[in-house]
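Asker: Here it is, the structure, as structure tokens.
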Amino acid sequence: MAAFLALTLLTLSIFSSPTQAEIFTSIGQMTDLIFTERELVKSLKEYIEAEELKLEAVKSWANKLDMLTHASTSDPEGFLAHPVNAYKLMKRLNTEWSELESLVLQDPSDGFISNMSVHRQYFPDEEDEKGAAKALMRLQDTYKLDSESFSKGKLPGVRYNALLTVDDCFDMGKLAYNENDYYHAVLWMQQALRQMDSGEDAKTPKADILDYLSYSVYQMGDLPRAIELTRRLVAIDPSHQRAGGNLRYFERMLSKELRDMGRSQQELTDERPIQLDTYERPKDYLPEREVYEALCRGEGVKLTVKRRSRLFCRYQDGNRNPRLLLKPMKEEDEWDSPHIVRFLEALSDEEIEKIKELAKPKLARATVRDPKTGILTVANYRVSKSAWLEGEDDPVIARVNQRIEDITGLTVDTAELLQVANYGVGGQYEPHYDFSRRPFDSNLKVDGNRLATYLNYMSDVEAGGATVFPDFGAAIWPRKGTAVFWYNLFKSGEGDYRTRHAACPVLVGSKWVSNKWIHERGQEFRRPCGLTEVD
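At the far end of the sequence shown sits residue 534, using numbering that gives the first Met the number 0, and the numbering has no gaps.
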């Protein structure tokens, strides 16, 4: 458009110039104007074509998003239950809407820009997009899913199809690469390359994918494959600024290794495609990582036949509590030692919806206490949002608190407020203890330690989201309206370290829970002290 306007102004200046006022007097000179006009028409057509292309691009965006938002707004929570949908929402609002804004800004549209300005304050930022991408990788690790499972939407229990494009996979791999996470960079760059090789269109050049993939493979210690990928890169882009140097370096390193081992290059050639188990996943800070993740997948649960024979169900009347005499609580044993029970019909659907309604405006990123400083802070190993509700907030909360006291026989006067938590995409809380092991916790001096945990499940979860106990191999799956209960302390007051537990990442679904942590103070005659350390 700028070129068109410049040419138009130039031509008009020629027409209006005093020295050209008598052009009509010379056919020879006028013929020049014929060519000028032809250039103007050509420029005008280029401008129209550019505008039409821009409009078609905007229309395509609008049509695609119209269908998408029709599906997403009909069931927002169900739609976002698919982790890929959650990730792509973060990506669209953080990256792709900004690209659309730039496109429209080429010929400013006041209405669109005004709307963008109003709503931008509510958009996710780069950290949100990064967090959602890392959540997909966390799910990939925990549930042993290859990149294609996410890319093609092959997840258990999904209600909405969601696909990742070549560009999506490339962005995932690039994020991992920039975090020096070469293990995941390989998996996602390989998926991007696989989809591109199958004929899928993409904005990302194949050379860029091969560049990142070859170096990531090298970082994983696979020199033969790094060489093969770099040769592919050189073949499609001989002038690539790094490929030639990298190839020579990789070949020298491989030759040295082969000489040291007394082997030939042919012996090391591996034509198999890169899979989830091609490279070993790096170890991290969590010692029970493998056991924890296996339990999340439903593997390694130590519920033997002998142990199962010790589990029973019963009606619980709270030691003949008047409020439970006519309608006792249904109670099931989930584990024998330590004793974990599940209460059925602990919350009604109406109570659940009221609790969620009260909590949503107060939800904030869940925090943990720093083990060194005692200060509350956010952490990557706890990914959820939580809110705290008081009995005075609504009669439903007061009723739930009273029910917990009736069922457990423990006073809630010294208990913490009802904590409501919602786990989003890949939401989790890695293995931890509910009781405090830090003497500087000020609340220990007043109400004592967390004696027991009462956990309400307020939603079903299509896949993932179990509560697992790595020490003794238990996995408890969410069932809407039920609650589980266990003691964190022995009767002696010592912590029961077997109760270290975790909230597994939510693979598909939206997980809502509410916790009541019951403290020691006030329980002296309700749960008397034991005579030995582990009573």
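For each residue, glycine too, the CB sits at the ideal point set by N, CA and C.
Taking 7 Å as the line, does the beta carbon of L154 fall inside it for any heavy atom of the ligand ZN?
Answerer: Ligands in the displayed structure: none, and consequently the ligand ZN is not present.
Asker: Do L212 and V185 have their CB atoms nearer than 8 Å?
Answerer: Numbered from 1 along the sequence shown, position 213 holds the residue referred to as residue 212. Numbered from 1 along the sequence shown, position 186 holds the residue referred to as residue 185. Yes, these two residues count as a Cβ contact at 8 Å.
Asker: Ignoring anything shorter than 4 residues or poking outside the region 137 to 168, list the alpha helix (DSSP H) runs there in chain order.
Answerer: If we require 4 residues or more, the alpha helix (DSSP H) runs fully inside the region 137 to 168 come out as 146 to 150.
Asker: With distances taken Cα to Cα, identify the nearest neighbour of K305 among S336, F122 and Y496.
Answerer: Looking up residue 305 in the sequence shown gives position 306. When each option's Cα is compared against that of K305, the closest is S336.
Asker: Run through DSSP, which three-state label would A414 get?
Answerer: In the sequence shown, counting from the first residue as 1, residue 414 sits at position 415. The answer is coil: DSSP assigns A414 none of H, G, I, E or B.
Asker: DSSP beta-bridge partners for Q315?
Answerer: Counting from one through the sequence shown, the residue named residue 315 turns up at place 316. Partner(s): M328.
Asker: Quick check on the DSSP output: what are the complete beta strand (DSSP E) runs of length 3 or more inside the region 334 to 419, in order along the chain?
Answerer: List check, beta strand (DSSP E) in window: 339 to 343 and 384 to 388.
Asker: Is it buried or exposed, N421, if we count other Cβ atoms within 10 angstroms and call 16 or more buried?
Answerer: For the purposes of this step, residue 421 is taken as residue 422 along the sequence shown, with counting starting at 1. Result: buried.
Asker: Counting only runs of 4+ residues fully inside the region 43 to 105, write out the alpha helix (DSSP H) ranges in chain order.
Answerer: 75 to 79, 82 to 90 and 96 to 104, all fully within the region 43 to 105.
Asker: When the Cα atoms are used, what is the spatial distance from G447 to A414?
Answerer: Taking the first residue of the sequence shown as position 1, residue 447 is located at position 448. Taking the first residue of the sequence shown as position 1, residue 414 is located at position 415. Looking at the two C-alpha atoms, the distance is approximately 10 Å.
Asker: Ordered along the chain, which non-local residues of its own chain (more than five positions away) have a Cβ less than 7 Å from that of P327?
Answerer: Here the question's residue 327 lines up with position 328 in the sequence shown. Excluding residues within five positions, the ones whose Cβ falls inside 7 Å are Y314, Q315 and D316.
Asker: Which value, in whole angstroms, describes the spacing of the CA atoms of R402 and F484?
Answerer: Reading the sequence shown from its first residue, position 403 is the one you call residue 402. Reading the sequence shown from its first residue, position 485 is the one you call residue 484. Distance between the alpha carbons of R402 and F484 is about 13 Å.
Asker: Taking 7 Å as the limit between beta carbons, can you name the residues of its chain near I406, skipping five residues before and five after?
Answerer: The residue labelled residue 406 in the question sits at position 407 within the sequence shown. The residues are Q315, G317, M328 and F342.
Asker: When the distance is taken between beta carbons, is S385 closer than 8 Å to L417?
Answerer: Position 418 of the sequence shown, counting from 1, holds the residue named residue 417. Position 386 of the sequence shown, counting from 1, holds the residue named residue 385. It is not a contact, given that the beta carbons lie outside the stated cut-off.
Asker: Classify A474 as buried or exposed, calling it buried when 16 or more other Cβ atoms lie within 10 Å of its own Cβ.
Answerer: Taking the first residue of the sequence shown as 1, we reach residue 474 at position 475. When all chains shown are included, A474 counts as buried.
Asker: So, are the CB atoms of T452 and W516 less than 8 Å apart?
Answerer: The residue given as residue 452 occupies position 453 in the sequence shown. The residue given as residue 516 occupies position 517 in the sequence shown. Yes, they are a contact pair.
Asker: Taking buried to mean at least 16 other C-beta atoms within 10 Å of its own C-beta, is Q139 buried or exposed?
Answerer: Along the sequence shown, one-based indexing puts residue 139 at 140. Buried is the call here.
Asker: Is A502 helix, strand or coil by DSSP?
Answerer: Position 503 of the sequence shown holds residue 502. Here A502 sits in strand by DSSP.
Asker: Have a look at Y496 and L375 and give me their C-alpha separation to the nearest angstrom.
Answerer: Position 497 of the sequence shown, counting from 1, holds the residue named residue 496. Position 376 of the sequence shown, counting from 1, holds the residue named residue 375. Distance between the alpha carbons of Y496 and L375 is about 22 Å.
Asker: What residue range does the beta strand (DSSP E) around W187 cover?
Answerer: Translated into the one-based positions of the sequence shown, residue 187 becomes position 188. Not the beta strand (DSSP E): W187 falls in the alpha helix (DSSP H), residues Y181 to D196.
Asker: Give me whichever residues DSSP pairs with K510 in a beta bridge.
Answerer: For the purposes of this step, residue 510 is taken as the residue at position 511 of the sequence shown. In DSSP, K510 forms a bridge with Y422.
Asker: Rounded to the nearest angstrom, what separates G77 and R296 at their Cα positions?
Answerer: Numbered from its first residue, the sequence shown carries residue 77 at position 78. Numbered from its first residue, the sequence shown carries residue 296 at position 297. Taking the straight line from one Cα to the other gives about 22 Å.
Asker: If we count the other Cβ atoms within 10 Å of its Cβ and call it buried at 16 or more, is E21 buried or exposed?
Answerer: If you number the sequence shown from 1, residue 21 lands on position 22. Here the model assigns E21 a pLDDT of 42, short of 50, so the residue's position is not dependable and the matter cannot be decided.
Asker: So who's on the other strand from L454, going by DSSP bridges?
Answerer: The sequence position of residue 454 within the sequence shown is 455, counting from 1. L454 pairs with V483 and N514.
Asker: For E331, I'd like the list of residues in its chain whose CB is within less than 6 Å of its CB, leaving aside the five on either flank, ordered along the chain.
Answerer: As a first step, residue 331 must be located in the sequence shown, where it is residue number 332. If we look at E331 and ignore the five residues flanking it on each side, its Cβ neighbours are C312 and R341.
Asker: Let's test the definition: count the other Cβ atoms within 10 Å of the Cβ of N400 and tell me whether it reaches 16, buried, or not, exposed.
Answerer: Taking the sequence shown and counting its residues from 1, one reaches residue 400 at position 401. By the neighbour-count rule (16 or more Cβ atoms within 10 Å), N400 is buried.
Asker: Across which residues does DSSP place Q427 in a beta bridge pair?
Answerer: Sequence index remark: in the sequence shown, residue 427 carries index 428 (1-based). BP columns for Q427 point to V382.
Asker: So what's A20 in DSSP terms, helix, strand or just coil?
Answerer: Reading the sequence shown from its first residue, position 21 is the one you call residue 20. Low per-residue confidence applies at A20: pLDDT is 42, beneath 50, and the placement is therefore not dependable, though the value from the model is reported in the following sentence. In this structure, A20 counts as coil in the three-state DSSP scheme.
Asker: With DSSP as the reference, please indicate the residues paired to F122 in a beta bridge.
Answerer: Here residue 122 refers to the residue found at position 123 when the sequence shown is read from its first residue. Beta-bridge pairing links F122 to no other residue.
Asker: Using beta-carbon positions only, say whether Q218 and Y248 come within less than 8 Å of one another.
Answerer: Along the sequence shown, one-based indexing puts residue 218 at 219. Along the sequence shown, one-based indexing puts residue 248 at 249. No, these two residues do not count as a Cβ contact at 8 Å.
Asker: Measure the alpha-carbon distance for L324 versus A293 and round it to whole angstroms.
Answerer: If you number the sequence shown from 1, residue 324 lands on position 325. If you number the sequence shown from 1, residue 293 lands on position 294. Roughly 41 Å separates the two Cα atoms.
Asker: Which whole-angstrom value is the C-beta distance of L102 and S509, which I expect to be below 8 Å?
Answerer: Looking up residue 102 in the sequence shown gives position 103. Looking up residue 509 in the sequence shown gives position 510. With a Cβ gap of about 34 Å, L102 and S509 do not count as contacting.
Asker: On the three-state DSSP scale, how would you describe R288?
Answerer: What you label residue 288 is simply residue 289 of the sequence shown in a count that begins at 1. Of the three classes helix, strand and coil, the one that applies to R288 here is helix, per DSSP.
Asker: Flag this pair as yes or no: are the beta carbons of H81 and Y159 separated by less than 8 Å?
Answerer: As a position in the sequence shown, residue 81 is number 82, starting the count at 1. As a position in the sequence shown, residue 159 is number 160, starting the count at 1. In this structure, Y159 lies closer than 8 Å to H81 by Cβ.
Asker: Counting along the chain, where does the alpha helix (DSSP H) carrying V304 start and finish?
Answerer: Along the sequence shown, one-based indexing puts residue 304 at 305. Start and end: V304 to R307.
Asker: Hey, could you find the ends of the beta strand (DSSP E) D475 is sitting in?
Answerer: The residue given as residue 475 occupies position 476 in the sequence shown. A small correction: the amino acid at residue 475 is Ile; Asp does not occupy that position in the sequence shown. Per DSSP, I475 belongs to the beta strand (DSSP E) from A473 to I475.
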